[in-house]
Amino acid sequence: MRFGVIGLGSAGRSHLDVLSRMPEVEVVGIADLNPEYVKTLGERYGVPLATTQPEELIADPSIDVIAVVAADRAHYPLVMACAAARKHTLCEKPIATEVGHGREMVAAMREAGRLFCISLNNRGNPVNRRIKDVVDAGTIGHARMVRLIGLMAAPDNHLVRERLGEKAAYSRLVNICHEGKNAMFDCGVHSFDYARFLTGSDFRRIEAMGYSMRGFEYPDHGVALCEHENGILTVVDKGFDYAYEAQTRKEYVRYEVIGDRGSLAWDLDHQRLRVFARDQTLDEPLPYASHDADREVIYRGFIESVKQGSLLPWLASGEDGLKAVEAAQTAVDSMIAKGVITRDVGPGPNWFDGRGW
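So for the sequence shown, numbering that gives the first Met the number 0 puts the first residue at 0; every next one is plus one.
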């Protein structure tokens, strides 16, 4: 299957690397606004069409699938162009930065009659899939409460600045924390989607509170309480302030599900699934897969979907991606309506102070 990849930032390079290792895939085109990225990666991966003009890929009749991995704000125009060209499209999360744009994208792809998948990687991760299997099997009875915690160092932390340089780190900061509306939106879409996927139920209402460590309009850290239509409660705890300037990059990830006959828990530090149920107790190793491994699972599912002409039910559709941003936007709006608490980062100024968005 012939692919084109649009966007060659850190996520885009990961997508390109994953696709290039898959024997059933031929990457025939890449595009990015940075000519240096295009030239270097085009030569490294032997891609025949390497351009700074994304429309060249979209218009190429030999390309079967377009992967949109550009900056968040660019998803909308690029996917709309893919729909007009009637290309099957896999789009990196979030589907869009504005809910209205997401709705237009879903409608356009549906009208084009082409498959539209959103890269929401939790659906492909073995940890998340195993947890869903345990819940679906009824091992802990009926789920009542879900906790999804994902705390990370900021996307511009000092290790990123040292690796990418301040110019690229600042661009990443703007894309994720300003245009991408920071942790609860940019990264929170993963949790909101997984909550729906795990519980099999849409949200009835969402309330949230958060704070801004560095004075951003969108909170660096927020906690959302979500009520599902089936009565299950989900807590989504998302932050980009965890060990911000620590010597080593640190993440804290934990999943919990409490049912009426038991509970389960998994965390990134120990990578073991622990289940305490009425009929059994489990304590099994459950390693967390890399983002590349998750993406390969998603791509294999999407390729199979294109071959059979319909999206496999476990993949995130455009509609699923839209519901994730609707939930994330509701949480962000709730935090802002309540008044975002501002915290001082510490005795020194932010490294980026004085630069405008």
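Each residue gets a CB set at the ideal place from its N, CA and C atoms; glycine is no exception.
Values in this document were obtained by computation on a predicted structure and should not be read as measured data.
Whether residue i touches residue j by CB criterion (8 angstroms)
i, j, result
"G101", "V324", "yes"
"V256", "A142", "yes"
"D219", "D185", "no"
"A66", "L48", "no"
"D201", "H227", "yes"
Spatial distance of residue i from residue j (CA atoms)
i, j, result
"Q270", "K86", "39 angstroms"
"R213", "M334", "16 angstroms"
"G308", "S19", "23 angstroms"
"A336", "M183", "15 angstroms"
"D291", "T138", "30 angstroms"
"A168", "R1", "32 angstroms"
"G99", "T329", "13 angstroms"
"Y251", "A152", "9 angstroms"
"L285", "K131", "13 angstroms"
"F215", "E103", "28 angstroms"
"M79", "A107", "7 angstroms"
"R128", "G353", "44 angstroms"
"H189", "V159", "22 angstroms"
"P361", "E283", "The chain is shown only over 0 to 356; residue 361 falls outside these bounds and no answer can be derived."
"G338", "D59", "48 angstroms"
"I340", "E161", "30 angstroms"
"P125", "R294", "12 angstroms"
"R15", "A276", "Contrary to the premise, residue 15 reads as Leu rather than Arg in this sequence. C-alpha separation (whole angstroms): 42 angstroms."
"A84", "G3", "13 angstroms"
"R195", "D71", "22 angstroms"
"S61", "T51", "18 angstroms"
"A10", "I175", "12 angstroms"
"S289", "D268", "15 angstroms"
Where the beta strand (DSSP E) containing residue i begins and where it ends
i, result
"R271", "271-276"
"C116", "115-118"
"P284", "280-284"
Endpoints, the alpha helix (DSSP H) within which residue i is located
i, result
"L369", "Past the edges of the chain, shown from 0 to 356, lies residue 369, and the structure says nothing about it."
"D16", "9-19"
"T329", "317-337"
"A82", "74-83"
Residue i - partner residues in DSSP beta bridges
i, result
"R253", "I148, D266"
"A142", "G258"
"I5", "A30, V67"
"E25", "R1"
"S309", "According to DSSP, S309 bridges with nothing at all."
"I340", "Y210"
Whole runs of the alpha helix (DSSP H) within the stretch 181-251, excluding any shorter than 4 residues
181-185, 187-198
Secondary structure, beta strand (DSSP E): runs of 3+ residues fully inside the stretch 85-110
87-91
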